[in-house]
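A quick write-up on the structure given underneath.
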Amino acid sequence: MIERLRRAEGIELDPFVVNSAFIYQDDTRSALEAICRDYLDIGCEYGLPLLMSTPTWRASRERIAAAGLEGRDLNGDNAAFLDGLRKSYGRYGEKVLICGLMSCKGDAYHPSEALPVEEAKEYHAWQAEKLAKTSVDFLLAATLPALSEATGLAMALAATGKPYVVSFVVRPAGTLLDGTPLREAIAAIDAAADRKPEGFMINCTHASFARAALLDEANSSPEVRSRMIGLLANTAALSPEELDNAAELVEEDPESFGRSVAAAGAELGLKILGGCCGTDGRHLRALATRLQAARR
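Residues in the sequence shown are numbered consecutively from -2, following the numbering used here.
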């Protein structure tokens, strides 16, 4: 979503809250709604359940204050925005789930910036509580590079009483970006949180990298695969370091994307499949075509 908006002519992302305040201006709200309806239309056309994330990836209390928006309920208003779109699709809207999206405090590609566990729990509790009071169906902490902040986030989400999911950025060797093996990360979070996540996901990672990570014999395990429920793949088979230094967006052919993500989902038993950086409606349509065919 953010990368699509970044490439849209005449649209400027906020340095603090990115796209979280787009709903307050006609032009940016229209751009946001157009992308949301693009995905809703694809889901409706193919009769597939759809998961939508609130545009609150960067809507922490600290960032909202830095953007001068303390008087606005960015988390609640974005949840209401998506709920309104969902209801506008009538019967199909019953197949649409909305998750309240959160992420790490710092750069998701730089695990050295991750907060310690207790500091992360305190930092993220405010936004978790805000989102939990809205109409969202569950909470999602995504694009997490390090175990410490992921653990604190999980503890904050568990405290709300709302169902939640934790999603990592991973390396092909089966580790988080901070080097923690997936098997250790999932076991640690399940043990630390008062209520376990409903499951775990991988996002902002190429499908080939995610598959390699989950099948790695040393750092993954059957237990990891049983707890892993989704993949939101990007279109670049590059490391985070290479992506950080890329001058242009790296895009993958939509058919290749749809084929690889659908295949990974079938092989690994994943329930949630979709796109991250570099994807647009073409990629999701290619994926939907394969998912629909597999259900026949």
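All residues carry an ideal CB built from backbone N, CA and C; glycine is no exception.
Continuous beta strand (DSSP E) stretch holding residue i: start and end
i       : result
Phe135  : 135 to 141
Val162  : 161 to 165
Met(-2) : From DSSP, Met(-2) is part of no beta strand (DSSP E); its letter is neither H nor E.
Gly271  : 269 to 272
Exposed unless 16 or more other CB atoms sit within 10 angstroms - verdict on residue i
i      : result
Pro52  : buried
Gly40  : buried
Pro12  : exposed
Tyr120 : buried
Asp213 : buried
Gly266 : exposed
Gly196 : buried
Ala291 : exposed
Gln124 : buried
Gly149 : buried
Pro251 : buried
Asp175 : buried
Arg168 : buried
Tyr21  : exposed
Ala215 : exposed
Ala143 : buried
Residues near residue i in its chain [Cβ-Cβ closer than 6 Å; skip 5 each side]
i      : result
Glu315 : The structure shown does not extend to residue 315, since the chain is modelled only from -2 to 293, so the question has no answer here.
Gly97  : Thr51, Leu128, Val133, Leu136
Ala207 : Ile199, Leu228
Gly73  : Thr131
Sequence-distant residues of the same chain with beta carbon closer than 8 Å to residue i, five excluded per side
i      : result
Ala28  : Leu2, Ala5, Ile8, Phe19
Thr232 : His203, Val247, Glu248, Glu249, Phe254, Gly272, Cys274, Gly275, Thr276, His280
Ala151 : Ala138, Tyr161, Val163, Ile186, Ala189, Ala190, Pro194
Ser217 : Gly171, Pro178, Leu179, Arg180, Ala210, Leu211
Close Cβ partners of residue i (< 7 Å) along its chain, the five nearest in sequence each way excluded
i      : result
Ala204 : Leu228, Ala230, Ser257, Val258, Ala261
Ser17  : Pro52, Thr53, Arg55, Ala56, Leu71, Asn75
Asp80  : Ile95, Ser132
Val221 : Leu179, Arg180, Ile183, Leu211
For residue i, the first and last residue of its enclosing alpha helix (DSSP H)
i      : result
Ala291 : 278 to 292
Ala129 : 114 to 129
Give a yes or no on contact between the segment 152 to 162 and the segment 187 to 195, applying the rule of three or more CB pairs nearer than 8 Å. Touching, yes.
As an exercise, report each continuous beta strand (DSSP E) stretch of at least 3 residues that is fully enclosed by the segment 218 to 260, in chain order. Whole beta strand (DSSP E) segments, 3+ residues: 225 to 231.
In chain order, what are the residue ranges of uninterrupted alpha helix (DSSP H) at least 4 long that sit wholly in the segment 44 to 107? Restricted to the segment 44 to 107, the alpha helix (DSSP H) segments that are unbroken, complete and at least 4 residues in length are 58 to 63, 71 to 84, listed in chain order.
Which residue spans inside the segment 141 to 209 form an unbroken alpha helix (DSSP H) run of at least 4? List check, alpha helix (DSSP H) in window: 144 to 156, 179 to 189.
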